[in-house]
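In the numbering used here, the protein residues as written are 13 to 277. Using N, Cα and C, we set each Cβ at its ideal position, and we do this for glycine too. In this text the structure is predicted, and so the values were computed from the model without any measurement. Written below as structure tokens is the structure these notes are about.
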């Protein structure tokens with residue numbers, strides 16, 4: 013079960029007094045911001061998933077590869093500090109050009125693909141999630157020592173871990189909305205589906221500075237590297253689908269390969 017910090021943070025444009033509240037109240041106030049702490053055990057992926065992502069479609073990797081995967085997964089827990097956040101904005105509107113959306117007072121150029129997928133949403137849930145910088149530092153150490161294979165495996169595990177962690181947060185959001193008779197969409201991130209990476213500057217403006225320990229570079233890259241951000245639509249007539257890569261024009265992507273393998277299975 014997700015270990016949730018039962019605290020809310022007001023908008024960074026207001027004062028910073030922490031207000032205890034029940035989880036359901038988060039859905040009412042358009043300025044609510046939620047903070048999550050997730051134990052590694054809830055975000056740990058199965059060795060078979062990593063083996064398949066490494067290119068062994070049948071899951072039958074050589075023993076030394078399987079051993080490296082198991083070792084890395086066992087050690088990863090001590091190197092991850094998994095945190096996430098959700099900012100809910102009730103005023104969500106898709107503009108007539110079907111390329112832009114207005115969330116509160118912030119305008120995003122998400123493009124036609126994402127606009128089409130969340131066009132029926134009434135509320136936007138902007139999210140961020142990170143596993144901290146422990147895994148990337150581990151990768152750097154392995155590279156310096158010439159252990160390139162293990163470095164690649166650890167990097168793959170790090171990417172998968174932050175994705176699974178966000179799955180947990182998204183599951184929580186879906187359950188909370190279900191209690192209100194609403195549904196959620198899939199999640200969409202800057203840099204994918206025609207949403208330019210530079211839009212992360214706008215997205216992060218909705219969160220307090222360095223929220224969850226994440227910052228942006230001038231080129232809009234997240235630090236720590238193993239972090240993700242994006243938007244989820246919420247509404248009465250939206251839905252979450254199993255396979256969304258067909259909507260995206262990015263062909264060489266780990267998530268496309270992952271989804272295609274899942275569909276084939």
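| said: Would residue 47 and residue 121 qualify as a contact pair, given that the criterion is a beta-carbon distance under 8 Å? | reply: On the chain shown, residue 47 is found 35 positions in, with the first residue counted as 1. On the chain shown, residue 121 is found 109 positions in, with the first residue counted as 1. Going by C-beta atoms, residue 47 is not nearer than 8 Å to residue 121.
| message | Rounding to the nearest angstrom, what Cα-Cα distance links residue 58 and residue 68 in this structure? | response | Numbered from 1 along the chain shown, position 46 holds the residue referred to as residue 58. Numbered from 1 along the chain shown, position 56 holds the residue referred to as residue 68. Straight across, the Cα-Cα distance linking residue 58 with residue 68 is about 14 Å.
| task | Rank 176, 213, 104 and 222 by C-alpha distance to the C-alpha of residue 137 and give the top, closest one. | result | Here residue 137 refers to the residue found at position 125 when the chain shown is read from its first residue. Nearest option by C-alpha distance: 104.
| request: Determine the burial state of residue 50: buried for a count of at least 16 other Cβ atoms within 10 Å of its Cβ, exposed for fewer. | output: As a working note, residue 50 is residue 38 in the chain shown. Residue 50 should be labelled buried.
| said: If I measure Cβ to Cβ from residue 250 and keep anything under 6 Å in the same chain, skipping five residues before and after, which residues do I get? | reply: On the chain shown, position 238 is the one that residue 250 refers to. Excluding positions up to five away in sequence, the list reads 132, 133, 195 and 197.
| query | Going by the beta-carbon positions, is the gap between residue 124 and residue 203 smaller than 8 Å? | reply | Translated into positions along the chain shown, residue 124 becomes position 112. Translated into positions along the chain shown, residue 203 becomes position 191. At least 8 Å separates the beta-carbon of residue 124 from that of residue 203.
| field | Bridge-paired residues (DSSP) for residue 105 | value | Reading the chain shown from its first residue, position 93 is the one you call residue 105. Bridge partners of residue 105: 114.
| request: Return the CA-CA distance between residue 283 and residue 77, expressed in angstroms with no decimal places. | output: Since the first residue shown for the chain is 13 and the last is 277, residue 283 is missing from the structure and cannot be characterised.
| request: Find the nearest neighbour of residue 159 within the set 71, 84 and 252, judged by alpha-carbon distance. | output: Taking the first residue of the chain shown as 1, we reach residue 159 at position 147. Checked all of 71, 84 and 252; the closest Cα to residue 159 is 84.
| message | I need the straight-line Cα distance from residue 162 to residue 213, nearest angstrom please. | response | Taking the chain shown and counting its residues from 1, the one referred to as residue 162 is at position 150. Taking the chain shown and counting its residues from 1, the one referred to as residue 213 is at position 201. Note on geometry: alpha-carbon atoms of residue 162 and residue 213 lie some 33 Å from one another.
| task | Rank 171, 130 and 201 by C-alpha distance to the C-alpha of residue 146 and give the top, closest one. | result | As a working note, residue 146 is residue 134 in the chain shown. If we check each option's Cα against that of residue 146, 171 comes out closest.
| request: Quick one: using the 10 Å Cβ neighbour count with 16 as the cut-off for buried, is residue 174 buried or exposed? | output: Position 162 of the chain shown, counting from 1, holds the residue named residue 174. It is buried - the Cβ of residue 174 has at least 16 other Cβ atoms within 10 Å.
| request: From the DSSP output, in three-state form, read off residue 61 for me. | output: Here residue 61 is taken as the residue at index 49 of the chain shown, counted from 1. Residue 61 falls in the helix class under three-state DSSP.
| query | Which class does residue 195 belong to by DSSP, given the choice of helix, strand or coil? | reply | For the purposes of this step, residue 195 is taken as the residue at position 183 of the chain shown. Three-state result, residue 195: strand.
| said: So for residue 248, helix, strand or coil by DSSP? | reply: Translated into the one-based positions of the chain shown, residue 248 becomes position 236. Secondary structure of residue 248 (DSSP, three-state): coil.
| task | Determine the direct distance from the alpha carbon of residue 231 to that of residue 223, and round the result to whole angstroms. | result | Here residue 223 corresponds to residue number 211 of the chain shown, with the count starting at 1. Here residue 231 corresponds to residue number 219 of the chain shown, with the count starting at 1. Distance between the alpha carbons of residue 223 and residue 231 is about 18 Å.
| message | Please tell me whether residue 139 and residue 181 are closer than 8 Å, where the distance is taken between their beta carbons. | response | Here the question's residue 139 lines up with position 127 in the chain shown. Here the question's residue 181 lines up with position 169 in the chain shown. Yes, the Cβ-Cβ distance between residue 139 and residue 181 is below 8 Å.
| request: Just confirm the distance between the C-beta atoms of residue 127 and residue 111, as a whole number of angstroms; I'd bet it's less than 8 Å. | output: Locating residue 127 in the chain shown gives position 115, where the first residue counts as 1. Locating residue 111 in the chain shown gives position 99, where the first residue counts as 1. Contact annotation, residue 127 with residue 111: C-beta distance approximately 6 Å; criterion of less than 8 Å satisfied.
| message | Please report the straight-line C-alpha distance between residue 70 and residue 64, rounded to a whole angstrom. | response | Sequence index remark: in the chain shown, residue 70 carries index 58 (1-based). Sequence index remark: in the chain shown, residue 64 carries index 52 (1-based). Looking at the two C-alpha atoms, the distance is approximately 7 Å.
| said: Using only the alpha-carbon positions, how far apart do residue 44 and residue 100 sit? | reply: In the chain shown, counting from the first residue as 1, residue 44 sits at position 32. In the chain shown, counting from the first residue as 1, residue 100 sits at position 88. Computed Cα separation, rounded: 6 Å.
| query | Roughly how many whole angstroms lie between the Cα atoms of residue 52 and residue 87? | reply | The residue you call residue 52 lines up with position 40 of the chain shown. The residue you call residue 87 lines up with position 75 of the chain shown. Counting only the Cα atoms, residue 87 lies some 11 Å from residue 52.
| said: With the cut-off set at 8 Å, would you say residue 240 and residue 141 are in Cβ contact? | reply: Here residue 240 corresponds to residue number 228 of the chain shown, with the count starting at 1. Here residue 141 corresponds to residue number 129 of the chain shown, with the count starting at 1. In terms of Cβ geometry, residue 240 and residue 141 form a close pair [threshold 8 Å].
| task | Please name the residue, chosen from 60, 229 and 108, that lies closest to residue 82 on a Cα-to-Cα basis. | result | To locate residue 82, count along the chain shown from 1; it is residue 70. The shortest C-alpha separation from residue 82 is found at 60.
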